[in-house]
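Asker: Numbering (our numbering), first residue to last: 820 to 1727.
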């Protein structure tokens, strides 16, 4: 802690000292850099400086900073350098482990629009349905784009639906691709987590990461044409952050079963249903025989076993826990039964290209896009031998199932742009597709017993989008300039769910046939029925399979008035019509007022919307459970399902928003200092959420009839259930100075935001009841929305370059968050309905050193999380038998600890 404070204090003094030095030495050897970065995002009038923009836009030069940044993926880079942006690697969250939900200004992952070279990027096929921030949303897969392909990232921190369409409620992120020509550049990086908590808190090194990035560009013709191609490959090992499994693992029957197996006798082969054993006396005799081989059974217990002459009597005796003794006998340790908690294993390969070819002096054709393939593997919950979901006839020590995902992403944009009679025209077509395929391994369908495979194709998800744009803009020499822009868009979307293997979702009876709801089920020794479907992730059923599409058309107009050199006004309006829910009209008004030569005031107000994603409308996944001698369905049901209709659930409609912001920008050119501050407010009505599960027993009688009609025992839905308000402040201070061959860049940025549910919950239909509101929008869901992401986040960074060497130092403050689990925090023996653990604020320090040995070769050494800081530990009630030492339901900075790396940089 002392070292951390020292680094932070030195960092602040360094910032202030260089400012003072710049003021004093302006007339001497100091050379300030007065060239401001320009932005194109947020305006259709062309590039302007950041401080002259009527809305706040951050610009991050990724091409330069990639040399020293510890992070390599776009999401993690932005999480480190942009305080208004949050994205954290998830753990034990199925597909979400391989796709980190990203949020801007505390709003949802689906409320920020992503562009590539100014064109709308398609979203992921995955719906985040697990217990993580962003639950129920569909975001953009930033991990499918190589950061090494980027020149820079622009982040518009203001509502922009009237300009760019659906999803841009929180803002817009534009990824600008490289246009470099004439050289091959590359990086080879190696790193890993050097921390005492590595390898389940035994220390050493884990999470090894190897990444190779290559970029090459060259000219096409002699009129400015070019091509630029990037290849990136990443090989990432998992990290292990579980504690030591503290729960029960073996019972006395497991011990006897093991002694029998050692002698070549598999007790599970003697019965498929314990209530109908072909030769019960044989099974009893074997238990009597092999119980004598368990040396730690007391004489009294041995006598009880030997005198128990019925299966029922033995069942009552053999449930007792013998974990510690049996572990010693088998030569195992409790850590052998740990879950894989931490980042997932990942192999990622990406190819991206950016091409422009002039046709003549006025027109050019262009295309850009890429392909990525990512294979990930993450662990589920350990299936212990004393659990009925584990078939010990095959797995006497249980098993740790693995969720494998193959993620493919394809994008291609092509168009023509140019100038005709003073009009800038851009006509383009952009296609994108993202798919998730689930392969479940090291697992089993327990109801199949010995016949179960250990690997399953569980089906998958696919989302496709095609967007056609036609844009016009023209500048008029009126007043200080007027820019008129208008255009149209057509978008086609398709969402597909593919069913898995039959064995991945089917429940089989004791004879190995598909259970027909009447035939006897298989059981374990204690009479518990054996569950069907692949353990850890049941496959998509034929009834879940969908292939749905929709279309949307839009038209917009955008006029920017430069009335004088001190007053700029931008007005925009947009109309969109969707084939599945109707139309929406939105507008925006923004202005920049130059109060003094270097002091601007800016303000904006807008309405916005987010169309329900096609995934949220049609996504469904169900599991079959055997309850009270009935085959019942539980799971997520689509908005157009029969059960939704019987319950009178309304169709999904668009979220609507009203946003306002006001701020200022101030420059001190003599000291190369820039200040910007912006306050904002966003109200969102009819926000779409994923409810918790409504159990049949909890709903009114009329709703129970609907449940019974569909054979459903529990159901959850997507619905427009809540209204929210978000308010906050963004602050950015940047400074740079040049003197005596030394280059210094300093930056401070902070975001303070708060999101709250306001008003009543919009319950409806047969589920409209005050008692059910806690299921519509549960306390856990409230925490995910309001408190699982830091309300305060700030970063202070410095880059110092001198001759061939450079040093990068960054301190990032992550504010406190709240765990979603409802537990007895104060230890009074009473669990309050809103009693949660508070996870405190932390400061993470990154340090990198880079040296350019020749003009072609350089080396970087660095550390992310220099002081090996971790989140506060979970209270015992949230650890799941000491497996989750740190919270997995918050988004702060992760739980991997210190990351050290080296990077070879080259160009030829």
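By construction, the Cβ of each residue, glycine as well, lies at the ideal position given by its N, Cα and C atoms.
Which class does residue 1019 belong to by DSSP, given the choice of helix, strand or coil?
Answerer: Taking the first residue of the chain shown as 1, we reach residue 1019 at position 200. Three-state result, residue 1019: helix.
Asker: Just the Cα atoms here: how many angstroms apart are residue 1320 and residue 1275?
Answerer: Indexing the chain shown from 1 puts residue 1320 at position 501. Indexing the chain shown from 1 puts residue 1275 at position 456. The straight-line gap from Cα to Cα measures roughly 7 Å.
Asker: Could you spell out the range, first to last residue, of the beta strand (DSSP E) harbouring residue 995?
Answerer: Against the chain shown, residue 995 aligns to sequence position 176. Here the beta strand (DSSP E) through residue 995 covers 990-996.
Asker: What would DSSP say about residue 1655, mapped onto helix, strand or coil?
Answerer: Sequence index remark: in the chain shown, residue 1655 carries index 836 (1-based). Residue 1655 falls in the coil class under three-state DSSP.
Asker: Just to check my reading of the structure: residue 1614 and residue 1631 have Cβ atoms closer than 8 Å, yes? What is that Cβ distance to the nearest angstrom?
Answerer: Sequence index remark: in the chain shown, residue 1614 carries index 795 (1-based). Sequence index remark: in the chain shown, residue 1631 carries index 812 (1-based). So it is a contact: roughly 4 Å between Cβ atoms.
Asker: Looking at C-alpha atoms only, which residue of 1001, 979 and 1257 is the closest neighbour of residue 993?
Answerer: The sequence position of residue 993 within the chain shown is 174, counting from 1. Comparing Cα positions, the closest option is 979.
Asker: State the Cα-Cα distance for the pair residue 1512 and residue 1701, rounded to the nearest angstrom.
Answerer: Counting from one through the chain shown, the residue named residue 1512 turns up at place 693. Counting from one through the chain shown, the residue named residue 1701 turns up at place 882. Roughly 27 Å between the two C-alpha positions.
Asker: Count the other CB atoms within 10 Å of the CB of residue 1647; is the residue buried (16 or more) or exposed (fewer)?
Answerer: Walking along the chain shown from the start, residue 1647 turns up at place 828. By the 10 Å Cβ count, residue 1647 comes out exposed.
Asker: In its own chain, which residues sit with a C-beta less than 7 Å from the C-beta of residue 847, not counting the 5 before and 5 after it?
Answerer: On the chain shown, residue 847 is found 28 positions in, with the first residue counted as 1. Note on residue 847: pLDDT 36, under 50, position unreliable in the model; the coordinate value appears next. Nothing meets the Cβ criterion.
Asker: Evaluate residue 1423 with the Cβ neighbour count: other Cβ atoms within 10 Å of its Cβ, from every protein chain shown; 16 or more gives buried, anything less gives exposed.
Answerer: Looking up residue 1423 in the chain shown gives position 604. When all chains shown are included, residue 1423 counts as buried.
Asker: Checking the sheet assignment: what are the DSSP bridge partners for residue 1486?
Answerer: Here residue 1486 is taken as the residue at index 667 of the chain shown, counted from 1. Answer by DSSP bridge pairing, in chain order: 1493.
Asker: Our contact map puts residue 916 next to residue 1163 with C-beta atoms below 8 Å; I'd like the distance itself, whole angstroms only.
Answerer: Here residue 916 corresponds to residue number 97 of the chain shown, with the count starting at 1. Here residue 1163 corresponds to residue number 344 of the chain shown, with the count starting at 1. That pair is a contact at about 4 Å.
Asker: Less than 8 Å separating the beta-carbons of residue 1393 and residue 982?
Answerer: As a first step, residue 1393 must be located in the chain shown, where it is residue number 574. As a first step, residue 982 must be located in the chain shown, where it is residue number 163. Their beta carbons are under 8 Å apart, which means residue 1393 touches residue 982 by this criterion.
Asker: Mind checking whether the beta-carbon of residue 1137 lies closer than 7 Å to any heavy atom of the ligand GTP?
Answerer: Among the ligands in the structure shown, none appear at all, so the ligand GTP cannot be discussed.
Asker: When the Cα atoms are used, what is the spatial distance from residue 1459 to residue 1041?
Answerer: If you number the chain shown from 1, residue 1459 lands on position 640. If you number the chain shown from 1, residue 1041 lands on position 222. Roughly 56 Å between the two C-alpha positions.
Asker: Identify whether residue 851 lies in helix, strand or coil by the three-state DSSP scheme.
Answerer: Residue mapping note: residue 851 aligns to position 32 of the chain shown, counting from 1. In this prediction, residue 851 has a pLDDT of 33, which is less than 50 and means its spatial position is unreliable; nothing more can be read from the coordinates.
Asker: Using alpha carbons as the reference points, say which of 1072, 1143 and 1092 lies closest to residue 1108.
Answerer: On the chain shown, position 289 is the one that residue 1108 refers to. Residue 1108 has its Cα closest to that of 1072, out of 1072, 1143 and 1092.
Asker: Taking 8 Å as the CB-CB cut-off, is residue 1715 touching chain C?
Answerer: Structure shown: chain C not included; a single protein chain is present.
Asker: For residue 1067, tell me which candidate among 1014, 1156 and 1017 has the shortest Cα-Cα distance.
Answerer: Counted from its first residue, the chain shown places residue 1067 at position 248. The option with the nearest alpha carbon to residue 1067 is 1156.
Asker: Quick one: Cα of residue 1004 to Cα of residue 1625, how far?
Answerer: The residue you call residue 1004 lines up with position 185 of the chain shown. The residue you call residue 1625 lines up with position 806 of the chain shown. Cα-Cα distance, rounded: 19 Å.
Asker: Should residue 1358 be labelled buried (16 or more other beta-carbon atoms within 10 Å of its own) or exposed?
Answerer: What you label residue 1358 is simply residue 539 of the chain shown in a count that begins at 1. Per the 10 Å Cβ criterion, buried.
Asker: Hey, quick one: how far does the alpha helix (DSSP H) through residue 1409 stretch, first residue to last?
Answerer: Position 590 of the chain shown, counting from 1, holds the residue named residue 1409. Per DSSP, residue 1409 belongs to no alpha helix (DSSP H); it is in the beta strand (DSSP E), 1401-1415.
Asker: Closer than 7 Å by C-beta to residue 1069: which residues in its own chain qualify, once you throw out the five before and the five after it? Chain order, please.
Answerer: Mapped onto the chain shown, residue 1069 falls at position 250. Contacts found: 1141, 1142, 1145, 1204 and 1205.
Asker: Whole angstroms is fine: what's the gap from residue 1284's alpha carbon to residue 1368's?
Answerer: For the purposes of this step, residue 1284 is taken as the residue at position 465 of the chain shown. For the purposes of this step, residue 1368 is taken as the residue at position 549 of the chain shown. Straight-line Cα distance between these residues: approximately 10 Å.
Asker: Which word fits residue 899, buried or exposed, when buried means at least 16 other C-beta atoms lie within 10 angstroms of its C-beta?
Answerer: One-based indexing of the chain shown puts residue 899 at position 80. Residue 899 is buried by the Cβ-count criterion.
Asker: Quick one: is residue 1573 buried, meaning 16 or more other Cβ sit within 10 Å of its Cβ, or exposed?
Answerer: Indexing the chain shown from 1 puts residue 1573 at position 754. Exposed is the call here.
Asker: Mind checking whether residue 1052 and residue 1389 have CB atoms under 8 Å apart?
Answerer: Counted from its first residue, the chain shown places residue 1052 at position 233. Counted from its first residue, the chain shown places residue 1389 at position 570. No, the Cβ-Cβ distance between residue 1052 and residue 1389 is not below 8 Å.
Asker: Tell me whether residue 883 sits in a helix, a strand or coil according to DSSP, three-state version.
Answerer: Here residue 883 corresponds to residue number 64 of the chain shown, with the count starting at 1. In the structure shown, residue 883 sits in a helix (DSSP, three-state: H, G or I).
Asker: Of the residues 1215, 1265, 1556 and 1230, which one's Cα is nearest the Cα of residue 1249?
Answerer: Position 430 of the chain shown, counted from the first residue, corresponds to residue 1249. With distances taken between Cα atoms, residue 1249 lies closest to 1230.
Asker: So, helix, strand or coil for residue 1189, using DSSP?
Answerer: Position 370 of the chain shown holds residue 1189. Three-state result, residue 1189: strand.
Asker: Check this for me: beta carbons of residue 1220 and residue 1202, under 8 Å apart or not?
Answerer: Counted from its first residue, the chain shown places residue 1220 at position 401. Counted from its first residue, the chain shown places residue 1202 at position 383. Contact flag set, yes.
Asker: How long is the line joining the alpha carbons of residue 885 and residue 1559, rounded to whole angstroms?
Answerer: Here residue 885 refers to the residue found at position 66 of the chain shown. Here residue 1559 refers to the residue found at position 740 of the chain shown. Going by the C-alpha atoms only, they are around 25 Å apart.
Asker: Thinking residue 1244 and residue 1291 are a contact (beta carbons under 8 Å), I'd like their distance in whole angstroms, please.
Answerer: For this step, residue 1244 is matched to residue 425 along the chain shown. For this step, residue 1291 is matched to residue 472 along the chain shown. Indeed they touch by this definition, with Cβ atoms about 6 Å apart.
Asker: What is the residue span of the beta strand (DSSP E) that residue 1292 lies within?
Answerer: Here residue 1292 is taken as the residue at index 473 of the chain shown, counted from 1. Run containing residue 1292: 1274-1295, per the beta strand (DSSP E) assignment.
Asker: DSSP state of residue 1697, grouped into three classes?
Answerer: Stepping through the chain shown from its first residue, residue 1697 is reached at position 878. In the structure shown, residue 1697 sits in a helix (DSSP, three-state: H, G or I).
Asker: According to DSSP, simplified to helix, strand and coil, what is residue 1138?
Answerer: Within the chain shown, the letter at position 319 stands for residue 1138. Coil, per DSSP.
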